[in-house]
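Here is the structure we will look at, set down as structure tokens.
Protein chains in written order, with this note's numbering: chain W, 1 to 493; chain H, 1 to 494.
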């Protein structure tokens, strides 16, 4: 038996993050200048990102560590990088916001770091119980962060998120228990082997296995805000501190997709009829999700709520990728790489949009779309950036959203899902209406006041990074697509 | 290495847009002159390309090809042939002229000219792209500047019209995207040239080519526009600022016709033949229904807008008659209509701007106050109804002769004759409009109305010179177009 301690170097990014979180809490006790906390957090994230990059470029073969519970493969590394970048941007965007709090600034940063740690583990774990633990680490940090404002709305949001999240966790756990009951395994690779070892009649005569799978879809569906598990989204998005809303909408969703992809592709990828089954399930969820999200987003008047429904619709587009994975043959990476690329571009786009919103709401103290009237005059750069991000969310060039949709849909068409793609592109047209409503208000409305809307240096840097990313992914996406393809190929289980 | 003419032509306006948008403190005057410079150079270059274009060769010329996104086999692939080159010149010319037409814009000029230049880049890009993804990218980018130009600088129900335009276009391009994806899946290639030359067998083996054909054509039909997808056009044209109406009617509609020739006919020649009759019937409906509605309009601009629906019917007729002469005629009609309607909108803009009136029932007798505008407006009107010695005659004549004699579609003779009736109605509404605007008894309220100033006379002269030049010596264009149509005919087996 190999000693498990030799794997610790492969676990360094996670350890770095955990240590940084503890350091931030301790520093908070002694330091008056709280901005240092943000700097330390970002430094920790960057160090971890550097280590992750180093592991990628050293191109070690995918390995399973810690008794086959944790995978170090390029799939996990891709997501780890994504979460680290997102967390860094969120912290950058939070700096002014958090400065308004009188207490608990250290805890805020530490919780962001801890939830990022949970998400990194979610993307890497290959064993049901570890998956559950990673999920809970993420969720509990986020429950607290959502309630951080302590005003009635924020508290309500937090409570709602906690209660519904706990139910979802219970459902997920029940599903896992059923899968374990019928296969006798918790490790994904072992589950796959057990299922492939069963005869067709054996699987059909054990409906509990299928039920377990469906319950797991429900549990994870809560995380990615898939319809019909989306009820928490608008209230939580509206009530949470805006940087946390941004964080929830991109990182938590991406982590959910990472887990689903790994579990379903690894454990339930074969036999083919099984993967066709869950592929169809995701295809239906996708069609329903994007339609419901887009249609309900139409009449929204609060921009955070609108983006909440928009994120439900975006989850629908992402599930087109999951459906593709279900329909594709095992060697076909189109669905997986499309999903990864979409997640990266969606993360940058939505973060950009929320950062612009944070900057605007810092001044206006309002999230109503009508208050954005004439923003192009009061803050031309913010308005331009928000416009770019909204255009990207519609899926129009030259922004990242266009390439992401093109890539993910082309995979779907290749696997016979043309009907789903047609539903998706028509949905994009519907979505144009509400995204452009914001653009219209900003550019053609009369400004409510003459005063400029300023933005701090930290926000500007964060906004510049995400907008440049959106443009780069929209115009020269080749490099990131290559990374996504590599990540989609390397799967350890 | 050769000079990258097409890249330069396409992206110079965008460069100008970036400079205008992001260099702070430019005065209005500097912004206008920068716009002139950044649109004149592409115009000069495109005319130069026209001069050195090899008319004997049907091949794609001035080609540029770079690998763009290896993961999906997409290339940055540009090139022009005899079909796209006239449209490139058309857009470059209109792009330059609309800067002059916009000279008096005072409202937020920095944003206005930036969007206008970006619009030119995207339309030029559509005409030069030979890669389907690149083509679609430019096709979609065009929507954004157009949305802002209509909704900020327009008149009337501008915001409604702008969003209606966007939704219609996106609706069409949603289907087009599905079509492009299917085509990419069926052939594994995004190159229009490669697919046209050898992709058909593969297409039919995987999924019905007819389905892909229809997915694609919906996108183009919205833009052309084809009845019943035309209802965005009158709203957008009417409420857009003058210069933008000129681009809309002059160059943007041609994206639809161009796409039909380049993608639908060239890639699916057999399918096009199979369904040609349906599209020809729609074309005749476009011509007659469009003309009939134009007759009933009381708003000067709206009337010209509807006349475009009618005239684009001729383009559709010429394309799907699938004859050599008719295709030349359709391309010629795209060019000619671009210039003529551009001038009509510019003149309508001047009349409206100077007299502060756009209702045909209240206008009248203006020939006395604005003789120059009256003459030029009449020239444009006569060209629009197809008077010989104007480009309108040359183009429509080719369309009718070509369609009538085309052997590709059964029963085309009857439909062509029905289409010719459109000319009669056109003559009716054009002459009636000129009469109502300029030649009734003079009205006192218009006594202080001014005629065109020097700058306006300059661009009028350019428009009229092109209309008459092409009308008197059509071969200057038809030689080039012929070179582009020959390979398409080869694909059609004719």
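Ideal Cβ placement from N, Cα and C applies to all residues, glycine included.
Counting the other Cβ atoms within 10 Å of the Cβ of residue 119(W) gives 16 or more, which makes it buried. Less than 7 Å separates the beta-carbon of residue 80(H) from that of residue 62(H).
Per DSSP, the beta bridge partners of residue 125(W) are 70(W).
For residue 74(H), there is no enclosing alpha helix (DSSP H); the enclosing beta strand (DSSP E) has its first and last residue at 74-80. Residue contact check for residue 263(W) against chain H: no CB pair falls below 7 Å.
In the structure shown, the three-state DSSP call for residue 489(W) is helix.
Going by beta carbons, residue 374(H) and residue 438(H) fall inside the 7 Å limit.
For residue 478(W), the closest alpha carbon among the candidates 72(H), 365(H), 42(H) is that of 72(H).
Residue 151(W) sits in coil when the DSSP states are folded into three classes, being neither helix nor strand.
Annotation for residue 176(W): 128 place their beta carbon closer than 6 Å to its own, counting only its chain and skipping 5 residues before and after. The alpha-carbon separation between residue 272(W) and residue 266(W) amounts to approximately 13 Å. Within the stretch 67-117 of chain W, the runs of alpha helix (DSSP H) at least 4 residues long that lie entirely inside it are, in chain order, 74-99. One Cα belongs to residue 448(H), the other to residue 369(H), and the distance between them is close to 8 Å. Burial is judged here by how many other beta carbons sit within 10 angstroms of a residue's own beta carbon; residue 38(W) has at least 16 and is buried. With fewer than 16 other beta carbons inside 10 angstroms of its own, residue 27(H) counts as exposed.
Here the alpha carbons of residue 27(W) and residue 285(W) stand approximately 46 Å from one another. Closer than 8 Å at the C-beta level to chain H, one finds these residues of the stretch 442-457 of chain W: 443, 444. Against chain H, the CB of residue 314(W) has no partner CB under 7 Å away; the residue lies outside that interface.
Interface criterion not met: the Cβ of residue 310(W) is under 7 Å from no Cβ in chain H.
In this model, residue 78(W) and residue 456(H) are separated by some 59 Å (Cα to Cα).
One finds 144 in chain H with Cβ atoms closer than 8 Å to the Cβ of residue 391(W), taken in chain order.
Ranked by Cα distance from residue 365(H), the first of 389(H), 442(H), 420(H) is 442(H). Following the DSSP letters along the chain, one finds residue 38(H) inside the alpha helix (DSSP H) bounded by residues 28-52. 197(W) is the residue among 216(W), 170(W), 173(W), 197(W) whose C-alpha sits nearest the C-alpha of residue 183(W). In chain order, 9, 88, 89, 92 place their CB closer than 7 Å to the CB of residue 46(H), counting only its own chain and leaving out the 5 sequence neighbours on each side. With respect to the C-alpha of residue 217(W), the residue from 319(W), 231(W), 124(W) having the closest C-alpha is 319(W). Excluding five sequence positions before and after residue 179(H), the CB atoms of its chain that fall closer than 6 Å to its own CB belong to 212, 215, 216, given in chain order. Near chain W, meaning a CB-to-CB distance below 9 Å, no residue of the stretch 227-254 of chain H qualifies. Residue 121(W) is positioned such that its CB atom lies closer than 7 Å to that of residue 134(W).
Proximity of chain W to residue 71(H) at the Cβ level (cut-off 9 Å) is accounted for by 337, 341, 407, 477, 478, 481, 482, 484, 485, in chain order.
The alpha-carbon of residue 150(H) is positioned some 15 Å away from that of residue 168(H). Chain-ordered listing is empty here: chain H has no CB closer than 7 Å to the CB of residue 348(W), the nearest sitting near 17 Å. If you look at residue 339(H), you'll find it in the alpha helix (DSSP H) that goes 324-355.
By the C-beta criterion, the stretch 187-197 of chain W is judged not to be in contact with the stretch 249-259 of chain W, since fewer than 3 inter-stretch pairs fall below 8 Å.
Per DSSP, the continuous alpha helix (DSSP H) segment holding residue 214(H) begins and ends at 209-223.
The beta carbon of residue 414(W) sits closer than 7 Å to some beta carbon of chain H.
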